[in-house]
Amino acid sequence: MDPFEMDKRALTAIAQQVFDSMTPARSPRAQGVHLAAALPARASGRTEPGRAWTVRLDDDGTVHATAADGTPVMGWVAVPWAVSEVLAPFENGTRRQPALAPVDDGGPMDALTQPLYPYLDDEQLEAAFEQDPQPLAALTAAIADLRRQWDTEAIPDYVEQAAARIRVTEPQVPVLDDHLNPSEQPWCSAASCGWVRTAAIVEAADPVWGRIHRSGYGRSSSWIPRAAAELLAEPDSDLADFLRYHLLDNEGPVDLITINGPEGPVYNLNSGGAHRTHLFRILGMPWIFATQTALITPLETAGSITDADRWQGLIDRGLLHGEVQRSTHTAALRINHCPAPWMIAKPEIAAAYNTAYEHAYPGALGRLGVPPHALADATSWESWLLTGTSAAAPDTGLARYLSLLSRAGRKAADQP
Numbered sequence: 000m001d002p003f004e005m006d007k008r009a010l011t012a013i014a015q016q017v018f019d020s021m022t023p024a025r026s027p028r029a030q031g032v033h034l035a036a037a038l039p040a041r042a043s044g045r046t047e048p049g050r051a052w053t054v055r056l057d058d059d060g061t062v063h064a065t066a067a068d069g070t071p072v073m074g075w076v077a078v079p080w081a082v083s084e085v086l087a088p089f090e091n092g093t094r095r096q097p098a099l100a101p102v103d104d105g106g107p108m109d110a111l112t113q114p115l116y117p118y119l120d121d122e123q124l125e126a127a128f129e130q131d132p133q134p135l136a137a138l139t140a141a142i143a144d145l146r147r148q149w150d151t152e153a154i155p156d157y158v159e160q161a162a163a164r165i166r167v168t169e170p171q172v173p174v175l176d177d178h179l180n181p182s183e184q185p186w187c188s189a190a191s192c193g194w195v196r197t198a199a200i201v202e203a204a205d206p207v208w209g210r211i212h213r214s215g216y217g218r219s220s221s222w223i224p225r226a227a228a229e230l231l232a233e234p235d236s237d238l239a240d241f242l243r244y245h246l247l248d249n250e251g252p253v254d255l256i257t258i259n260g261p262e263g264p265v266y267n268l269n270s271g272g273a274h275r276t277h278l279f280r281i282l283g284m285p286w287i288f289a290t291q292t293a294l295i296t297p298l299e300t301a302g303s304i305t306d307a308d309r310w311q312g313l314i315d316r317g318l319l320h321g322e323v324q325r326s327t328h329t330a331a332l333r334i335n336h337c338p339a340p341w342m343i344a345k346p347e348i349a350a351a352y353n354t355a356y357e358h359a360y361p362g363a364l365g366r367l368g369v370p371p372h373a374l375a376d377a378t379s380w381e382s383w384l385l386t387g388t389s390a391a392a393p394d395t396g397l398a399r400y401l402s403l404l405s406r407a408g409r410k411a412a413d414q415p
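Once you know that position 267 of the sequence shown is 266 in numbering that gives the first Met the number 0, the rest is easy, because the numbers rise by one and skip nothing.
Here it is as structure tokens:
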């Protein structure tokens, strides 16, 4: 490994350790004080109206929500005023603010000691599968088109050709959650379900489309052409039931991570469904039914001075609302709002997601203000961010900032 790269990684690790040591685990009251200060700024970045939601908040922090179109969300919040953050990841774009009736904000829920990760029950899954007939109709039409185009004797060849094509045009990206480095305790979680655009799934566990490595009969890459042949052989009269069985009833839905962007979400695979995801992406199917766990953009992260310069470039270009704090070698970032959260990550990660997002939503990043030349590759992206920014010389702001955070948390924790 390049020694310079090792140095950068070491500095980032040191920054994270400093941040962690200065922000000890908060009591529920201190957590509430911290979130009360941070969350209004986050909501202020969402300037467009979202969907109407009905919400029930249990005393253990569990959120039960349903959108006007029937979309269900189950979540958990550390404080009542975080409810909007549970719903925002499931709006169609990061600039949309969920519309909901006022939620009781009587203070942090002191009984909470551990975050909860609510799940959707079978009734919610079945209702979401059936609420909109159009995705299922589009799927059956796409399968009928392939049946007319492909010779049944040559399906393995067609599958390999289609997989080779998207390996070049739409390569998978790394898992984003591994690269955002949140510095705070968990403060909310959220899950939903419904039909998602298959083309927006940009990562599927096995990183090469059509190459699945599993032990056991029928679970390797050879499963894909066999499943394609079975799918295309299903009679039209049985196809809807066949799809319901394999997308809902048999092994449960594909399980995804929702990463909301400026004009809609992209998805990483979460805990199940790699085979079906590879199959549907390779066949070009328009929709797939899935459960979705929200990726919550962190409130705070830490990194190196080079990271700080890129973050400042994002702020200067209106792509990030927040504040960078620096010390001599390390930096911290407070994140109020970021319409494309992958842009906070290292250049190679951000550039890969930029490319994938443009495939899923052509022109979206240009409409956000990113010029075409900045989307060419990681070097072009970093160069654009670092050119003509107001990146300041290193100072001791990081230590002061972290000290203030820690002091505020201790003061709140000491209050009765």
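Backbone N, C-alpha and C fix where the C-beta goes; we use that ideal spot for every residue, glycine too. All values reported here derive from a predicted model rather than from experimental measurement.
Bridge partners of Cys423, per DSSP?
In the structure as shown, the chain starts at 0 and stops at 415, and residue 423 therefore has no counterpart that could be examined.
Test item: CB-CB of Pro297 and Glu183 under 8 Å
yes
Write down every uninterrupted run of the beta strand (DSSP E) in the region 238-300 whose length is 3 residues or greater and which is fully enclosed by it, in chain order.
253-260, 263-271 and 286-293
Check each candidate in Val76, Ala136 and Pro206 and name the one with the smallest Cα separation from Leu238.
Ala136
Nearest to Ala66 by alpha carbon, out of Arg243, Ser83, Ala36 and His336?
Ser83
For a cutoff of 8 Å on Cβ pairs, would you count Pro173 as touching chain D?
In summary, chain D is missing from the structure at hand, where a single protein chain is found.
Return the bridge partner residues of Met342 from the DSSP annotation.
Looking at the DSSP assignment, Met342 forms no beta bridge with any residue, so it has no partner.
For the alpha helix (DSSP H) containing Leu489, name the first residue and the last one.
Residue 489 lies beyond the residue range present for the chain, which begins at 0 and ends at 415; the question has no answer from this structure.
Go through its chain and collect everything with a Cβ distance to Ala51's Cβ below 6 Å, but skip five positions before and after it.
Ala67 and Ala98
Using a Cβ-Cβ cut-off of 8 Å (strictly less than) and excluding sequence neighbours within five positions of Arg218, which residues of its own chain qualify?
Ile211 and His274
Just the C-alpha distance for Ala377 and Arg225, rounded to the nearest angstrom, thanks.
38 Å
Would you kindly work out how many angstroms separate the C-alpha atoms of Glu122 and Gln171, rounded to a whole number?
33 Å
Report the option in Glu250, Ala375, Gly362 and Ile295 whose CA atom is closest to the CA atom of Arg41.
Ile295
Under the three-state DSSP convention, the category Trp52 falls into:
strand
Roughly how many angstroms lie between the CA atoms of Gly193 and Trp310, to the nearest whole one?
34 Å
Span separating the alpha-carbon of Ala199 from that of Leu119:
22 Å
Through-space distance from Ser214 to Pro206, alpha-carbon basis
17 Å
Inter-residue Cα distance where the pair is Ala126 and Leu246
14 Å
Would DSSP call Pro97 helix, strand or coil?
strand
Is the beta carbon of Thr300 sitting closer than 8 Å to the one on Ile348?
no
Three-state secondary structure (DSSP) at Gln133?
helix
Taking the DSSP output, what are the residues bridged to Ile200?
Tyr266
Based on the DSSP secondary-structure assignment, which residues constitute the bridge partners of Trp80?
Looking at the DSSP assignment, Trp80 forms no beta bridge with any residue, so it has no partner.
Less than 8 Å separating the beta-carbons of Val167 and Val265?
no
Out of curiosity, what's the CA-to-CA distance linking Ala416 and Ala359?
Outside the shown range of the chain, which is 0 to 415, sits residue 416, and nothing can be said about it.
Does DSSP put Ala375 in a helix, in a strand, or in coil?
coil
Could you tell me which of Thr329, Ala153 and Ser43 sits nearest to Gly321, measuring between CA atoms?
Ser43
Is the separation between the beta-carbon of Gly49 and that of Val62 shorter than 8 Å?
no
Would you mind reading off the limits of the beta strand (DSSP E) that contains Ala324?
Sequence inspection shows Gln at residue 324; the Ala mentioned does not correspond to that position. Its beta strand (DSSP E) spans residues His320 to Arg325.
List the endpoints of the continuous alpha helix (DSSP H) containing Thr168.
Ile154 to Thr168
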